[in-house]
Amino acid sequence: MIHASSGFAVLAHPTRYDLSATNIRYLIEIFAQFGGDAVELPPAVEPLGTRQMVDRMIAEHGLKVCFSRDRIILERLVLPE
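Dropping the structure here:
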């Protein structure tokens, strides 16, 4: 349905579901097998090892990268005057 509408299937914040590292890897693998297009990168507050694991999974499965645009992040953004 998503692709038929010219959309992209994106797995948002895969590290926020209180899953083990093994289950995060499994989630991304299954998402890719079922035609997922992109995975949102974990925020900088996530441990480096977690971010690197997600990066590896994205590359391994040929997925694209999505950046978060969550409201909370936008509220914390400070722009120069």
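Numbering-wise (this note's numbering), the sequence shown opens with residue 1375 and increments by one.
The C-beta atom is built at its ideal place from N, Cα and C for all residues, glycine as well.
Computed from a predicted model, the values in this text were never measured in an experiment.
Are the CB atoms of Pro1417 and Leu1401 nearer to each other than 7 Å? no
Which first and last residues belong to the alpha helix (DSSP H) in which Glu1434 is found? 1422-1434
For Ala1412, three-class secondary structure by DSSP: strand
Give the DSSP-derived three-state secondary structure of Leu1385 in the structure shown. strand
Have a look at Pro1421 and Ala1395 and give me their C-alpha separation to the nearest angstrom. 12 Å
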